[in-house]
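Q: Attaching a single structure in C-alpha cells format; questions to follow.
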Amino acid sequence: MNNYDEIMEDVNIVSLDPNYVNELNFIDDSKEELGNEDVIEHSYIVGTHHDYKQINTIPEQKFNDICNSNGKQKRRLFADQNERTREQTKIKRMLGQNYTGYHREGKSVFHNTIREKRTLKPACTSIYCASSKNRHCNRFKENERQSMFDDFWKCSWDEKKTYCTNLVSKQIKKQETLAAGEASRRNFSYIYHLKSGDMKFVVCKTMFQNTLGLNEWMVKNWLDSSNQVGELSIKKKKITGSVEVAVDEHNMKQNDRAQKELTKYTLEEHQDEISPQKSISMRYDHLNSWFDSLAKMPSHYCRQKTNRIYLEGPFISKMNVYSAYLQKCVEDSVENPLSRRIFSIIMEKRNLSIFQPSKYMIYQDICDKCSSYGVNQVCDDDYQEHMKQKDRAQEEITKDTLDAQAYKKNVFTMNLQVVKLCPALNSNALYYSSKLKVHNFTVYNLAPEHQCSSYWLDESEGMLESSVFTSLIIKHLTLNCIKKSTTQSNNDIILYSNGCGYQNRNVLLSNALLKFAIQNNIVIEQKFLVEGHTQLPCDSVHSAIESVLKNKEIYLPSDYVKLTKIARQKPNPYESTLMAHSDFQDYKDIMFYKSIRPGKSKGDPEVRDIRAIKYDPTTQKIYFKLNFDDEYQEIPKYHKAKKKIDINKEVTRLYQNRMVLSFSKWSDLQKLKIVLPRDVHDFYDNLPHKHELKTTCKFAKD
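Heads up, the sequence shown stops at 735 in my numbering, and the numbers go up one at a time, no gaps.
Now the structure itself:
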C-alpha cells in the first residue's frame, strides 16, 4: 500500500464533531510513480475542525513522518549538512566538545576513536615566569582564564585563528645559540600575549596554550599559515588560442582538469559555439525571467512562512506550474527544458509557493513554540506552560459556548478569511496578470441558531487597517445585539479572536468598544486565544465557502457574496454583504485611552501579552487580564487621554473616495477582459487608478 492509499484510509476513519461544518480535502499533486527524475511531491491533509487536538499539536516534521509511515525515508530538495554524522563531528570538535573521531589503519578508516572535550589546563608554575618582570603569567586568575577559555571555544575555526594570531607577535631572534658556521632553522621568536580588558600582557607559551586549550602544533600551524599570506607566487600558463591565464600556484591542482579541457579547443574554431555550461546558464536565466513575469502576492496568513511569495495562478499543484513552464519553453523555442527536480529546487530557492487556502493545512497552523519543541529547541517547562495556556483557552471558550447556547450571553467568534482574487478563472491569461484582492471578515454567533455574517470588500473599497475592522465589528454588534430584538438582546457580549494587532487587539478598537459599551450599557469582553492554536468555529464558515468556490468562475467581487449565501442552508444561510468605502468610519478622534499597554517600562507586559480585555459601562474604564485565571486589572491611568471625550460625538467617514489602484495593476486587469463576459467590463473600466506608470530615470553624469 502506498502513501496515497494509507493517508486516504486514515482520512476515511476520522470522526468529526457534527456541530460544525467540517471538511477534509486531500490535495494530491501527483499519484504517478516516481522515476529517475526524482520528482518530489507533497500530499497534504487539510482539516478545518476547530478542536482537532491530536493533529493540531503535531509538529511539521512528525506530521511528515506519519505521512511517510511505510518506512521509506523521504527525499529532500536540499540536504541538511548539519544532520550528517561527519558534520556533527566537525561541529563538536570546533566547539571543544567530546566527540567520536576517525583513525586510519592501513587503507581502512574507522570512526570509533573517543576524543575528550577541551578543558582549561593548569596555569603556568614556572619559577622564571614568577620572578620575571617581562612576563605576567601570575596576573590572570582562574575565573578570568576560564572566561577566556569559554569564549574562545564558542568561536568558529577562522575566528579562533584570527584571535590567536592577533595575540602572538613575531620578532627577529636576539641571539645565536649554535657554534659559529652552523646554520639555524629558527629565524624568529614568538611573543605570546593574553588580554585583560583592553590590555595585552606578555605570558609564556605554556600559559598561552593552556589558557586557550590549544596544543603546540595547532598554534604553530596557525602562525605559519598566517605568515604565508600574500607570499604565493603567480605563474603564467599559456593556453591554445593565444590566451594567457594567471594561475595561482596554490590552486594549480584544482585548476588542472579545467585547463586540460580548455586546451582541447581553440578560441578561433569555437567562438560561435555555445558551451554546455552556457546553455545551462541560459536555461536558468530563462526560468528565472519566467518566474519574474508571473503575478505574485506576498504572504498573508501563513505566520510560519511570512517570507514566502505566492504565485497567483490559477495553479493547483507544483506539477501544474511545471507544465506551464514547459509550455513557455515551447513558445520561446527553448530546447531541453530544465528537469522537474531542478525546477522544484529553484522554486524553493526563490521562496515561491502556490497560492491556496493553506491556512487550513494542519501542519501550517502549528505555532513557533510547538515546532521548536519538536526539534528540542524549547525546554519541557516552557512547553508545558504553553500547552497549559492553550488548554485553558479552550476551556474558556467551551464555558462561554454553554452560556451562549443557554442565551445568557452574546458570544461571537471572528476571523479574516485568506485573501481571494478576482477574477478567478482557469485561464493561462491569469498567470502573468495581477488580480484584484478581495477580503472576507466573518463574525460567527455561538448561539444555537449559529447566525453568521460575512463582510466582503475588495481593495478598491478599503484597506486592511484598524478602522476598517473596527467599523465592521461595531456594525455587526449594532445590528445583532441592539437593533435586532432577540432573546439575547442587551446581554453581555464576548468576542473571541486571534491576537492579530491591527485587526483585533489595538487601542483604536478598544476605544470604540468602550464607547459602544457606555452608550448601550452593555459589558463587553474580548478574549484572545493562544498564538498558533487559534482554531475557531468561524473557520468552519471559511471551509464551507472554500468548498462552494471549487471549480467556480469568479468575474466580480459580488460573485463571492452570492456564493457565500448558498454555502450553507441549515440551520440558516450565511448572511453576506458587499461593503463600500462609504461604510467605514474613522475612530481616531475618539480616544479615551492613548494606549492599552499594561506596562510602561522596558520588561513590563505589552499589548501582545493581554489575554482578555473588559469594557465596563459603569466605571467607564478598560480592564485587562494576562491569564484567564487572573482577576481583571485596570489599564494604568497614565494611558488615559488628558481631554474628556464626548460619548455622543459622531464619527466621520474614513474614506471620501475609493482606493486608487496602481497603473500596472489596472492595466493587467484590462488585459483580462478578453476572457471575461462583456457585461462585467464596466466594473474594471471604472476602477480608480493612476493614469501613468511611475518610473525612475537615472542620467549618467557627463
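Cβ coordinates follow ideal geometry from the N, Cα and C atoms, glycine included. Remember, predicted model here, so these are calculated numbers, not experimental data.
Out of E175, K402, R218 and S222, which has the shortest C-alpha to C-alpha gap to K206?
A: Translated into positions along the sequence shown, residue 206 becomes position 173. Of the listed residues, the one whose Cα sits closest to K206 is S222.
Q: Would you say Y358 reaches chain C, if we count a Cβ-Cβ gap shorter than 9 Å as a contact?
A: As a matter of chain content, chain C is missing from the structure shown, which is built from one protein chain.
Q: Which one of N443, G246 and N478 has the shortest CA to CA distance from R178?
A: Position 145 of the sequence shown, counted from the first residue, corresponds to residue 178. R178 has its Cα closest to that of G246, out of N443, G246 and N478.
Q: Reducing DSSP to helix, strand and coil, say where T651 ends up.
A: Position 618 of the sequence shown, counted from the first residue, corresponds to residue 651. Here T651 sits in coil by DSSP.
Q: Looking at L344 and the ligand SAH, is the gap between the Cβ and the nearest heavy atom below 8 Å?
A: Ligands in the displayed structure: none, and consequently the ligand SAH is not present.
Q: Nearest to K361 by CA position, among W323, V408, V684 and N478, is which residue?
A: Mapped onto the sequence shown, residue 361 falls at position 328. Answer by Cα proximity: W323.
Q: Suppose you measure from the CA of M692 to the CA of L659; what does that come to, to the nearest Å?
A: Taking the sequence shown and counting its residues from 1, one reaches residue 692 at position 659. Taking the sequence shown and counting its residues from 1, one reaches residue 659 at position 626. Approximately 38 Å, taken between the alpha carbons.
Q: Taking only runs that begin and end inside the segment 576 to 645, name each unbroken alpha helix (DSSP H) of 4 or more residues, in chain order.
A: Here the runs fully enclosed are 590 to 598.
Q: State the Cα-Cα distance for the pair D619 and T685, rounded to the nearest angstrom.
A: Taking the first residue of the sequence shown as position 1, residue 619 is located at position 586. Taking the first residue of the sequence shown as position 1, residue 685 is located at position 652. The alpha-carbon atoms of D619 and T685 are separated by roughly 6 Å.
Q: What distance in whole Å lies between the Cβ atoms of Y593 and V713, which are believed to be in contact at a cut-off of 8 Å?
A: To locate residue 713, count along the sequence shown from 1; it is residue 680. To locate residue 593, count along the sequence shown from 1; it is residue 560. With a Cβ gap of about 14 Å, V713 and Y593 do not count as contacting.
Q: Contact between the segment 467 to 481 and the segment 437 to 455: three or more CB pairs below 8 Å?
A: As far as the Cβ criterion goes, the segment 467 to 481 touches the segment 437 to 455, which means the pair count is three or higher.
Q: May I ask you to verify whether the segment 508 to 519 touches the segment 628 to 648, counting CB pairs closer than 8 Å and requiring at least 3?
A: Because the criterion of three Cβ pairs below 8 Å is not met, the segment 508 to 519 and the segment 628 to 648 do not touch.
Q: Starting from F182, trace the alpha helix (DSSP H) in both directions and tell me its first and last residue.
A: Within the sequence shown, numbered from 1, the residue matching residue 182 stands at position 149. First-last of the alpha helix (DSSP H) with F182: E175 to F185.
Q: For D572, name the three-state secondary structure that DSSP assigns.
A: Here residue 572 corresponds to residue number 539 of the sequence shown, with the count starting at 1. Correct three-state label for D572: helix.
Q: For S504, name the three-state secondary structure that DSSP assigns.
A: Taking the first residue of the sequence shown as position 1, residue 504 is located at position 471. Note: S504 maps to helix in three-state DSSP.
Q: Does C455 come out as helix, strand or coil in the three-state DSSP assignment?
A: Your numbering for residue 455 matches position 422 in the sequence shown. Correct three-state label for C455: strand.
Q: For G534, which residues from the same chain have a beta carbon less than 8 Å from its beta carbon, with the 5 sequence-adjacent residues on both sides left out?
A: As a position in the sequence shown, residue 534 is number 501, starting the count at 1. Answer for G534: V640 and R641, listed in chain order.
Q: Taking only three categories from DSSP, how would you classify Y416?
A: By one-based count along the sequence shown, residue 416 stands at place 383. If DSSP states are grouped into helix, strand and coil, Y416 belongs with the helices.
Q: Can you list, in chain order, the residues of its chain whose CB lies under 8 Å from that of V556, leaving out five sequence neighbours each side?
A: Within the sequence shown, the letter at position 523 stands for residue 556. D525, I526, A550, K647, Y648, D649 and P650.
Q: Apart from the five residues just before and just after R538, which ones in its own chain have a Cβ nearer than 7 Å to its Cβ?
A: As a working mapping, residue 538 is identified with position 505 in the sequence shown. Contacts found: G532, F561, V640 and I643.
Q: With DSSP as the reference, label T152 as helix, strand or coil.
A: As a first step, residue 152 is located in the sequence shown; it is residue number 119 there, counting from the start. T152: coil per DSSP, three-state reduction.
Q: Between S504 and F617, how many whole angstroms is the CB-CB distance? I'm expecting something under 8 Å.
A: Taking the sequence shown and counting its residues from 1, the one referred to as residue 504 is at position 471. Taking the sequence shown and counting its residues from 1, the one referred to as residue 617 is at position 584. Indeed they touch by this definition, with Cβ atoms about 4 Å apart.
Q: Considering only the alpha carbon of each residue, which of C197, M232, D231 and S202 lies closest to N248?
A: By 1-based counting over the sequence shown, the position of residue 248 is 215. Looking at the Cα atoms, C197 is the closest of the given residues.
Q: Pair every Cβ in the segment 460 to 472 with every Cβ in the segment 597 to 611, then say whether three or more of these pairs are closer than 8 Å.
A: Contact fails: fewer than three Cβ-Cβ distances are below 8 Å.
Q: Exposed or buried, F143, counting other C-beta atoms within 10 Å across all chains shown (16 or more means buried)?
A: Residue numbering aside, residue 143 sits at position 110 when the sequence shown is read from its first letter. By the 10 Å Cβ count, F143 comes out exposed.
Q: Excluding the 5 residues flanking K150 on each side, which residues of the same chain have their C-beta closer than 7 Å to its C-beta?
A: On the sequence shown, residue 150 is found 117 positions in, with the first residue counted as 1. Cβ within range, chain order: G129, Q130 and N131.
Q: Do M447 and Y529 come within 9 Å of each other at the CB atom, strictly closer than that value?
A: The residue labelled residue 529 in the question sits at position 496 within the sequence shown. The residue labelled residue 447 in the question sits at position 414 within the sequence shown. Against a cut-off of 9 Å, the Cβ pair of M447 and Y529 comes out as a contact.
Q: Report yes or no: do three or more beta-carbon pairs, one from the segment 405 to 422 and one from the segment 451 to 460, lie closer than 8 Å?
A: No, they do not touch.
Q: Exposed or buried, what is I623 when buried is set at 16 or more other beta-carbons lying within 10 Å of its beta-carbon?
A: To locate residue 623, count along the sequence shown from 1; it is residue 590. With 16 or more other Cβ atoms within 10 Å, it is buried.
Q: Please report the distance separating the alpha-carbon of S350 from that of S576.
A: Here residue 350 refers to the residue found at position 317 of the sequence shown. Here residue 576 refers to the residue found at position 543 of the sequence shown. Going by the C-alpha atoms only, they are around 19 Å apart.
Q: Taking contact to mean 3 or more Cβ pairs, one atom from each stretch, closer than 8 Å, check whether the segment 693 to 713 and the segment 664 to 671 are in contact.
A: Cβ pair count under 8 Å is below three, so no.
Q: For D3, which option in H566, V574, E579 and S466 has the closest C-alpha, if you only look at C-alpha atoms?
A: No answer is possible for residue 3: it lies beyond the span of the chain, which begins at 34 and ends at 735.
Q: Quick one: give me the first and last residue of the alpha helix (DSSP H) that R341 is part of.
A: Here residue 341 corresponds to residue number 308 of the sequence shown, with the count starting at 1. Segment: none, R341 is in no alpha helix (DSSP H) and carries neither H nor E.
Q: If we ignore side chains and look at the alpha-carbon of each, how far apart do V354 and A426 end up?
A: As a working note, residue 354 is residue 321 in the sequence shown. As a working note, residue 426 is residue 393 in the sequence shown. Rounded to whole angstroms, V354 to A426 spans 41 Å at the Cα level.
Q: Determine the extent of the alpha helix (DSSP H) in which Y355 is found, giving its start and end residues.
A: On the sequence shown, position 322 is the one that residue 355 refers to. Note, Y355: alpha helix (DSSP H), K351 to E364.
Q: With a CB to CB cut of under 7 Å and the five nearest residues on each side skipped, what residues in its chain are close to L709?
A: Taking the sequence shown and counting its residues from 1, one reaches residue 709 at position 676. Excluding sequence neighbours, L709 sits near P456 and Y588.
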